[in-house]
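Take any residue in the sequence shown, note its place counting from 1, add 414, and you have its number in our numbering.
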Amino acid sequence: MKSKLSLSLFYHQLLANFFLTLVISSSYLKFAPDTHLASEWLFSRLAFISNFGLIYILLGGGLLILFKIIPYKIFSHIISISIFSLSNIMLLIDTIIFKLYRFHINSLVWNILISEGSSDSIVLGQSTLISFMAYVFFIILFQIGVVLFHAKMTSTSMFKLESVFPLKYFFIILFVINLFDKSTYAYADLTNKTHITRYAKLFPLYQPLTIKKVAKQWGYNINQEMYFDLNKPNGVLNYPLKKLEFPSTKNKPNIIIITIDSWRYDMVNEQVSPNIYSFSKNSWVYNNHYSGGNSTRFGLFSMFYGIYGSYWHTILSERVEPVFMKSLRDLNYNIGIWSSTELSWPEFRKTAFIGVPNKIFDKIPGIGAKERDKKQPKLFDAWLDSIPKDKPFFSFLLLDAPHEPYSYPNEFVKFKPTAKEINYMELDKHSDLKPFLNHYKNAVFYDDYVVGELINNLKKKNLLDNTIIMITGDHGAEFYENGFWGHNSAFTKEQIKVPFILYIPKEKPKTIDLKTSHFDIVPTLLEILKCSSPTENYSFGVSLLSNDLASRSFIVSSGWNESAIINDNATLVFSTESYNMNTFELRDQNYEMKQSKEYNKYFKLTDINQVVMNMGKFLK
């Protein structure tokens, strides 16, 4: 029993699983940029084989070493089957994530899996789980089939594959393809041929080869036409730059911010949001408003801090409170924070609301967002009755029903046909998307009812005469309008453009079409609170009450590892992990990929430099 794993069996396992991996991962090629260049098409296919070939070279070599250590044949079989199965299952998961969100398994995914309170973000329906388990069963059955096939071959006179095509040839071919792939990429990177380098994001664990530093040392004249070296900001947080000043602490208004999760810009109308639409007729309506992020984390971060999402990790590590929330505490406001999803993930208990841990109500009982959202008006109303009346109050309410998987009572099924459940294994841009969009619209319709209840309760208490009310979304939601799903995957208008309604007592209603952002919320509220400190000391936004909006030429939005500069003509997406602007994506108004070298047709270099400087502004 101490015989090692048969090399013949291992060879069959390695080769069979390599081709299984290519079959599973072929879905990545569906998202390759459209091209008419034969050279680009050829590179993408060779890079595809090279990427997974390199993985199998490392995997095969590692297993061979491991098998020399393990003395028992049965253990070797179990380990090899388990590793090959697990690697292909992980690949399957990655293809699903990439299909929906255009990123691979990364630190964000692990953050979701290991963080307390993240379960609300990963609710999967029964159909998805059944389909996924069917694929998993096939992968495991495939491994057993390979072992049985090998046993059949060795017990008969069938030819032995390894004698016709030795294992070393398999590794040699993969090595040659890798050599071609890496050298081609290095040359493309050196000469700024972004139609080649953009494929680095397409495949998981792809390892690009760059030689710019070496080439520069050898005297090669590197074309700097579109190379922006965005030095990664480092240092201790310096936020705000100076302490905020409030000359007067008297006659402060009440403030309420109502945020509807995933509420996108085109959902404010009489059909989908009738109560909010009616309320907006007595408010200031901003028709061109953008969230500072394509997810709840960065949307709310921009709302409460007024600075770029690139500061998130520093803020989180240093546990720094927003100047707005600190100002409310200093001004002796009653504070109440309500949320239908736990604020431990994203980590708002450690960031935005770290200064008010006893004022957070995010453990609302109920199964699903529909039950928890329904209870918010009564809970909020009871809280208003309980607080001292000699102090103003600030309240933030987060409603969650329009977030996937979308939740609402049966009586709110207004838009039909409606998908009862989303099978993410089968979902793609060719699916019939109307039932899913209707599913989402019904959830928005339901939360509009909840907001209507909140507003009616305020009217009954005669609070509208002294209460500033903001109604907005943390981010939007996309249904493959631009080739993406949900949110957190791109900077399309469906994902980051949101409604924004500002109610100011005794102010005449009006409509504003200028470009505005969540970064403007803190400056606006601090102006209302009569803060005398310059806005630039604590925010990248401007007050929505000022005349500075007309001069704004761009806005910024952030995701987990990317940020985007957005103007009327295009979107420039760049990494906030590498901070290498040479790898940016340039997309037009329709979010179609453009040649990066054309960036100067769409963006002013001064705007790009301003964003670069801002990313280090609040560090010292």
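Cβ atoms here follow ideal geometry from the backbone N, Cα and C, with glycine treated the same way.
- Under the three-state reduction of DSSP output, S931 falls in the strand class.
- As summarised for the region 658 to 689, there are no continuous alpha helix (DSSP H) elements at least 4 residues long confined to that stretch.
- Using a Cβ distance threshold of 7 Å, T930 and Y700 count as a contacting pair.
- DSSP places I801 in the coil class of the three-state scheme, outside both helix and strand.
- Around the beta carbon of N824, a 10 Å sphere encloses fewer than 16 other beta carbons of the protein chains shown; the residue is thus reported as exposed.
- DSSP places Y860 inside the alpha helix (DSSP H), whose first and last residues are K848 to K874.
- With contacts defined as CB atoms closer than 7 Å, L1033 and G649 qualify as a contacting pair.
- When the alpha-carbon of S440 is set against those of L429, M739, G474 and P618, the nearest one is in P618.
- Y722 is positioned such that its CB atom lies no closer than 7 Å to that of I969.
- The region 582 to 595 and the region 453 to 461 touch, with three or more beta-carbon pairs separated by less than 8 Å.
- Of all C-beta pairs linking the region 711 to 726 to the region 967 to 982, three or more are shorter than 8 Å, placing the two stretches in contact.
- For F807, DSSP records a beta bridge to N748.
- Nearest to N502 by C-alpha distance, out of L514, F988, S716 and L473, is L473.
- Distance check between I671 and each of F808, T435 and Y719 places F808 closest, using alpha-carbon atoms only.
- Under the three-state reduction of DSSP output, V970 falls in the strand class.
- Burial is judged here by how many other beta carbons sit within 10 angstroms of a residue's own beta carbon; F551 has fewer than 16 and is exposed.
- Beta bridge pairing from DSSP links I926 with Y700.
- Looking at the DSSP output, Y917 bridges to I883.
- Here L655 carries a coil assignment [DSSP, helix/strand/coil].
- The residue from F914, I915 and F893 with its alpha-carbon nearest to that of T906 is F893.
- Here DSSP, grouped into helix, strand and coil, assigns A978 to strand.
- Note on D814: 16 or more other CB atoms within 10 angstroms of its CB, so buried under the neighbour-count rule.
- Here the alpha carbon of V956 sits roughly 7 Å from the alpha carbon of L963.
- For the pair S662 and K944, the CB atoms are nearer than the 7 Å cut-off.
- Counting only runs of at least 3 residues, the region 763 to 838 fully encloses the following beta strand (DSSP E) elements, listed from N- to C-terminal order: 807 to 813.
- A430: member of the alpha helix (DSSP H) spanning L421 to S439, first to last residue.
- Per DSSP, S989 lies in no alpha helix (DSSP H); the unbroken beta strand (DSSP E) holding it starts and ends at A984 to S989.
- The beta carbons of K855 and F829 sit about 5 Å from each other, so the pair counts as a contact at 8 Å.
- Apart from sequence neighbours up to five positions away, the residues of its chain that approach S529 with a beta-carbon distance below 6 Å are W759, ordered along the chain.
- Its chain contains P849, N852, H853 and N856 as the residues whose beta carbon lies nearer than 7 Å to that of T832, once the 5 sequence neighbours on both sides are disregarded; these appear in chain order.
- With fewer than 16 other Cβ atoms from the protein chains shown falling within 10 Å of its own Cβ, T925 counts as exposed.
- For R1001, the enclosing beta strand (DSSP E) covers residues E999 to D1002.
- In its chain, beyond the 5 residues on either side, T673 and S753 have a beta carbon closer than 6 Å to the beta carbon of L812.
- Contact check for S716 against H889 fails: the beta carbons are separated by 7 Å or more.
- Relative to S731, the option among T765, F718, I749 and N880 whose CA is nearest is T765.
- For R711, the enclosing alpha helix (DSSP H) begins and ends at T710 to Y719.
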